[in-house]
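Q: Numbering (this note's numbering), first residue to last: 2 to 505.
Don't be surprised by glycine CBs; every beta carbon is placed ideally from N, CA and C.
These figures come from a predicted structure and were not determined experimentally.
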Ligand SMILES: [Zn+2]
């Protein structure tokens with residue numbers, strides 16, 4: 002068994018891990034490298050869709066391997082320059098962009114294996130936001146060279162267009178049998194243990210800050226390699242991470258590829274759990290006067306459920322955007338939790354949103370108009386973030402509490418956005434919890450957010466419990482420190498360098 006880390010070596014995220022099993026090959030995640038996209042791009046300046054793979058390869062965001070859709074090669078990027086590689090499947094750990102964000106580039110005959118919840122979230126995502134070929138995970142219109150300029154790729158429209166699908170393998174049974182929802186040419190469901198294209202694997206649910214996260218064990222030449230994806234123990238599903246560790250220990254794995262996100266990061270005064278976050282947010286809502294804004298990551302459904310519960314107990318109407326509802330409806334097909342009672346959809350006064358809100362109203366969703374909210378703002382909790390601030394210009398109110406229940410800023414772009422958010426909060430006169438400006442700098446109040454990743458103590462506990470022959474850290478900015486602290490022999494990956502596990 003040989004492993005090559007093409008993304009995620011010595012950096013946080015962007016995992017692209019290739020496993021050569023001899024006569025088979027797989028990728029473990031195929032995400033966008035945030036280190037490189039942050040270095041060169043902004044929200045409005047991205048690699049050009051019309052240049053297919055070329056911009057991504059030139060920027061080092063994709064490895065030069067022959068595993069991509071043939072329609073994404075512009076004329077000035079010969080496929081023959083790509084190194085041969087065998088890929089029979091992509092094992093997707095969870096629905097975070099640094100894990101799935103480039104999967105749409107992979108050849109369409111490469112099936113994707115994921116949990117039903119990851120499938121559900123990514124299905125909703127694909128319908129809400131298309132950012133080009135990189136996230137075309139279910140089907141796509143085959144690109145072709147533009148007439149007269151074959152270096153530019155375009156999507157044909159109308160009758161002449163060809164649509165390609167992709168096979169998905171879902172590692173469990175969704176609660177709702179809806180054939181129309183199961184997109185992908187041949188969805189099939191396994192019981193978390195299966196064989197696909199001759200590859201034996203096991204899938205394990207783990208706890209993370211997005212529902213549906215999975216870890217995997219893949220077998221090659223009699224040995225098992227275990228891949229953790231992102232995981233933690235301090236959320237509502239923490240027990241699943243413990244069970245994963247116990248079960249893979251029995252496999253006596255040759256190697257464990259595990260995330261080390263929090264290695265080298267400052268230790269918090271107190272380790273935050275989701276349960277503590279819930280208590281702190283509940284207290285802040287109950288103490289606050291007037292309108293409440295709850296700001297948390299859009300796909301953190303565990304936090305959403307927390308705030309739904311807080312709003313219900315406080316007797317407030319919880320208001321979400323129509324985009325949130327698209328995710329909620331998809332998630333409900335898997336967990337059966339229709340979060341409709343006590344939830345209102347915000348009637349956004351943006352022209353493009355009106356129709357979407359209207360169709361939800363016809364489907365029975367309750368709609369909150371800004372004028373309704375302005376009549377009695379203390380009755381409402383709005384799930385808004387920085388990107389929704391202009392909506393608040395439609396309202397008048399006297400008092401309000403803004404609860405920032407989201408992660409710290411890890412780069413200049415996030416810092417800039419949060420400083421702008423604080424300007425909006427000042428403009429509206431909110432009392433803010435979870436975030437403040439102190440001496441001109443952002444100051445994150447502990448207790449309103451918990452990490453999606455293992456604390457260092459939990460990390461070493463998981464590693465010791467699994468007890469593999471060797472550990473390969475990924476999604477880790479301080480691999481040397483990881484190696485120093487890890488209780489098991491550590492092999493540090495370098496981007497693009499192949500490690501032969503049989504020689505180790
Ligand atoms: Zn993640």
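(1) By the DSSP assignment, the alpha helix (DSSP H) with residue 415 in it spans what residues?
(2) Indicate whether residue 108 and residue 26 have their beta-carbon atoms separated by less than 7 Å.
(3) Just to confirm the assignment, what range does the beta strand (DSSP E) spanning residue 127 have?
(4) Assuming residue 147 is part of the beta strand (DSSP E), what are its boundary residues?
(5) Using only Cβ atoms and a threshold of 5 Å, which residues come within that distance of a heavy atom of ligand 1? Order them by chain position.
(6) Please say whether residue 7 and residue 497 have beta carbons closer to each other than 7 Å?
(7) So, helix, strand or coil for residue 248, using DSSP?
(8) Using 8 Å for Cβ pairs, my map puts residue 492 next to residue 473. What's the rounded Cβ distance?
(9) Mind pulling the alpha helix (DSSP H) runs of 4 or more residues that sit fully within the segment 436-480?
(10) Measure how close the beta-carbons of residue 582 and residue 15 come, nearest whole angstrom, since I'm counting them as under 8 Å.
(11) So, do the segment 319-335 and the segment 236-248 have three or more beta carbon pairs nearer to each other than 8 Å?
(12) Out of 314, 481, 451, 92, which one is the CA nearest neighbour of residue 272?
(13) Compare the Cα-Cα distances from residue 384 to each of 330, 305, 360, 499 and report the closest residue.
(14) In this structure, does DSSP put residue 388 in helix, strand or coil?
(15) Taking 7 Å as the threshold (C-beta atoms), are residue 445 and residue 422 in contact?
(16) Need the endpoints of the alpha helix (DSSP H) that residue 282 sits in, please.
(17) Give a yes or no on whether the C-beta atoms belonging to residue 104 and residue 31 are separated by under 7 Å.
(18) Expressed to the nearest angstrom, what Euclidean distance is found between the alpha-carbon atoms of residue 299 and residue 277?
(19) Let's see if you can read the secondary structure: which residues bound the alpha helix (DSSP H) around residue 39?
(20) How many angstroms separate the CA atom of residue 124 from the CA atom of residue 331?
(21) Taking 6 Å as the limit between beta carbons, can you name the residues of its chain near residue 39, skipping five residues before and five after?
(22) Hey, would you say residue 245 sits closer than 7 Å to residue 216, going by beta carbons?
(23) Residue 434 lies in the alpha helix (DSSP H); which residues open and close that run?
(24) Name the two residues that bound the continuous beta strand (DSSP E) containing residue 228.
(25) Below 6 Å CB to CB, which residues in the same chain sit around residue 207 once its five sequence neighbours on both sides are set aside?
(26) For residue 67, which residues from the same chain have a beta carbon less than 7 Å from its beta carbon, with the 5 sequence-adjacent residues on both sides left out?
(27) Give, in chain order, every unbroken run of the alpha helix (DSSP H) that is at least 4 residues long and sits entirely within the segment 277-354.
(28) So, for residue 425: in the same chain, excluding its five sequence neighbours on each side, which residues have a beta-carbon less than 7 Å away from its beta-carbon?
(29) So, at 8 Å on beta carbons, what are the nonlocal neighbours of residue 179 in its own chain, with the 5 sequence-adjacent residues on each side left out?
(30) CA-CA distance, residue 171 and residue 395?
(31) Suppose you measure from the CA of residue 100 to the CA of residue 93; what does that come to, to the nearest Å?
(32) Quick check on residue 290 - is its C-beta less than 7 Å from some C-beta in chain D?
(33) So, helix, strand or coil for residue 501, using DSSP?
(34) Around the C-beta of residue 46, are 16 or more other C-beta atoms found within 10 angstroms, so that it is buried, or is it exposed?
(35) Ordered along the chain, which non-local residues of its own chain (more than five positions away) have a Cβ less than 7 Å from that of residue 457?
(36) Whole angstroms is fine: what's the gap from residue 371's alpha carbon to residue 381's?
A: According to the structure data:
(1) Counted from its first residue, the chain shown places residue 415 at position 414. Unbroken alpha helix (DSSP H) run through residue 415: 413-429.
(2) Numbered from its first residue, the chain shown carries residue 108 at position 107. Numbered from its first residue, the chain shown carries residue 26 at position 25. The Cβ atoms of residue 108 and residue 26 do not sit closer than 7 Å to each other.
(3) The count along the chain shown starts at 1 and reaches residue 127 at position 126. Note, residue 127: premise wrong, no beta strand (DSSP E); alpha helix (DSSP H) at 117-129.
(4) Taking the chain shown and counting its residues from 1, one reaches residue 147 at position 146. 145-147 is the extent of the beta strand (DSSP E) around residue 147.
(5) 97, 231
(6) Position 496 of the chain shown, counted from the first residue, corresponds to residue 497. Position 6 of the chain shown, counted from the first residue, corresponds to residue 7. Yes.
(7) Numbered from 1 along the chain shown, position 247 holds the residue referred to as residue 248. Here residue 248 sits in helix by DSSP.
(8) Along the chain shown, one-based indexing puts residue 492 at 491. Along the chain shown, one-based indexing puts residue 473 at 472. So it is a contact: roughly 5 Å between Cβ atoms.
(9) 457-467
(10) Residue coverage of the chain in this structure runs from 2 to 505, which leaves residue 582 outside it and unanswerable.
(11) no
(12) As a working note, residue 272 is residue 271 in the chain shown. For residue 272, the nearest C-alpha among the options comes from 451.
(13) On the chain shown, position 383 is the one that residue 384 refers to. It is 305.
(14) By 1-based counting over the chain shown, the position of residue 388 is 387. Note: residue 388 maps to helix in three-state DSSP.
(15) On the chain shown, position 421 is the one that residue 422 refers to. On the chain shown, position 444 is the one that residue 445 refers to. Cβ atoms of residue 422 and residue 445: not closer than 7 Å.
(16) Counted from its first residue, the chain shown places residue 282 at position 281. Looking at the DSSP string, the run of the alpha helix (DSSP H) that includes residue 282 is 275-288.
(17) Along the chain shown, read from residue 1 onward, the residue named residue 104 stands at position 103. Along the chain shown, read from residue 1 onward, the residue named residue 31 stands at position 30. Going by C-beta atoms, residue 104 is nearer than 7 Å to residue 31.
(18) For the purposes of this step, residue 299 is identified with residue 298 of the chain shown, where counting begins at 1. For the purposes of this step, residue 277 is identified with residue 276 of the chain shown, where counting begins at 1. For residue 299 and residue 277, the distance between alpha carbons rounds to 20 Å.
(19) Along the chain shown, read from residue 1 onward, the residue named residue 39 stands at position 38. That run of the alpha helix (DSSP H) goes 35-41.
(20) Taking the chain shown and counting its residues from 1, the one referred to as residue 124 is at position 123. Taking the chain shown and counting its residues from 1, the one referred to as residue 331 is at position 330. The alpha-carbon of residue 124 is positioned some 8 Å away from that of residue 331.
(21) Your numbering for residue 39 matches position 38 in the chain shown. Within the same chain, residue 39 has close Cβ partners 412.
(22) The residue you call residue 245 lines up with position 244 of the chain shown. The residue you call residue 216 lines up with position 215 of the chain shown. Contact flag set, yes.
(23) Position 433 of the chain shown, counted from the first residue, corresponds to residue 434. No alpha helix (DSSP H) contains residue 434, which is instead part of the beta strand (DSSP E) from 432-434.
(24) The count along the chain shown starts at 1 and reaches residue 228 at position 227. 224-228 is the extent of the beta strand (DSSP E) around residue 228.
(25) Against the chain shown, residue 207 aligns to sequence position 206. The beta carbon of residue 207 lies closer than 6 Å to those of 214, 216, 232, 241, 242, 245 in the same chain, with the five residues before and after it left out.
(26) For this step, residue 67 is matched to residue 66 along the chain shown. Cβ neighbours of residue 67 beyond the five flanking positions: 80, 83, 84, 85, 86.
(27) Along the segment 277-354, the alpha helix (DSSP H) occurs as fully enclosed runs of 4 or more residues at 302-314, 323-336, listed in sequence order.
(28) Within the chain shown, residue 425 is the residue found at index 424, counting from 1. The residues are 390.
(29) For the purposes of this step, residue 179 is identified with residue 178 of the chain shown, where counting begins at 1. Within the same chain, residue 179 has close Cβ partners 334.
(30) Here residue 171 is taken as the residue at index 170 of the chain shown, counted from 1. Here residue 395 is taken as the residue at index 394 of the chain shown, counted from 1. Cα-Cα distance, rounded: 43 Å.
(31) Here residue 100 corresponds to residue number 99 of the chain shown, with the count starting at 1. Here residue 93 corresponds to residue number 92 of the chain shown, with the count starting at 1. Between residue 100 and residue 93, the C-alpha separation is close to 7 Å.
(32) In the structure shown, chain D does not exist; there is a single protein chain.
(33) The residue given as residue 501 occupies position 500 in the chain shown. Strand, per DSSP.
(34) In the chain shown, residue 46 corresponds to position 45, counting from 1. That one is exposed.
(35) Taking the first residue of the chain shown as position 1, residue 457 is located at position 456. The residues are 263, 264.
(36) Within the chain shown, residue 371 is the residue found at index 370, counting from 1. Within the chain shown, residue 381 is the residue found at index 380, counting from 1. Distance between the alpha carbons of residue 371 and residue 381 is about 11 Å.
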